Amino acid sequence: MKKTNFDYYLEEQMRDPAFARRFKQAGEAWDVALQITALRQQAGLSQKELARRLKTSQQQISRIESP
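Everything in the sequence shown is counted per my numbering, starting at 14 for the first residue and increasing by one.
If you want it as structure tokens, here you go:
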């Protein structure tokens with residue numbers, strides 16, 4: 014597949030260790046968010062129901078699921 018301008022840009026940015034570390038952390042947060050969403054849905058819970066069980070707000074659950 015042909016590289017895009019973004020591919021070249023990302024390649025350049027990844028040479029910066031601080032950027033690479035933040036990029037990796039963002040990917041890990043995304044993975045966790047997807048897992049939480051999938052498990053919640055598998056359990057048949059809405060965000061509101063999960064929030065009630067965890068004694069927090071639906072908005073907090075939404076933020077956690079949307080990194």
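Glycine included, every Cβ here is placed at the ideal spot set by N, Cα and C.
Note that the coordinates shown come from a computational prediction; the quantities given were computed from them, not determined experimentally.
(request) Compute the beta-carbon to beta-carbon distance between Gln26 and Phe32, rounded to the nearest angstrom, for a pair I have assumed lies under 8 Å. (result) About 5 Å separates the two Cβ atoms, so the contact holds.
(message) Suppose contacts are defined by Cβ-Cβ distances below 9 Å. Is Gln54 in contact with Ala64 by that definition?
(response) No, they are not a contact pair.
(request) Consult DSSP for Lys15 and reduce its assignment to one of helix, strand or coil. (result) In the three-state DSSP reduction, Lys15 falls in the coil class, being neither helix nor strand.
(request) Identify whether Lys37 lies in helix, strand or coil by the three-state DSSP scheme. (result) Under the three-state reduction of DSSP output, Lys37 falls in the helix class.
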